[in-house]
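Below: one structure, written as structure tokens.
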Amino acid sequence: MLDERPCPLCRGAGETLVASERTCHSCGGTGRDRRSSTDDPRFGADTCQACHGYGVETSREFQLCPSCNGRGSIPG
Ligand SMILES: [Zn+2]
Ligand SMILES: [Zn+2]
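When we follow the numbering used here, the leftmost residue of the sequence shown carries the number 213, and every step to the right adds one.
See the structure below:
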């Protein structure tokens with residue numbers, strides 16, 4: 213008989229927090245603010261403040277754990 217032990221990846225939760233990137237809604241992926249409110253060159257007047265010029269937003273969301281397929285435990 214196989215013992216089950218808590219999945220080390222999700223710690224038994226069955227889901228895991230993963231980072232996902234998506235195109236910045238504020239600048240449309242360009243990394244530049246179309247409606248810049250500052251002309252201060254020290255900060256880069258056109259840099260999108262939402263994504264800091266990367267053009268992508270990073271968000272974290274739960275997904276089904278790939279290690280245990282959401283069961284929360286794996287065979288020992
Ligand atoms: Zn942006
Ligand atoms: Zn897991």
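Just so you know, even glycine gets a beta-carbon here, dropped at the ideal spot from N, CA and C.
Since the structure is predicted, the reported quantities are computational estimates derived from the model, not experimental observations.
{"Item": "Comparing C-alpha positions only, which one of A225, V268, G265 sits nearest to L276?", "Value": "A225"}
{"Item": "Would DSSP call Q275 helix, strand or coil?", "Value": "strand"}
{"Item": "For L221, which of helix, strand or coil comes out of DSSP?", "Value": "coil"}
{"Item": "By DSSP's criteria, A231 is part of a beta bridge. Which residues make up the other side?", "Value": "R272"}
{"Item": "Starting from the N-terminal end, write out each residue whose C-beta falls within a distance shorter than 5 Å of any non-hydrogen atom of ligand 1.", "Value": "C236, S238, C239, C260, A262, C263"}
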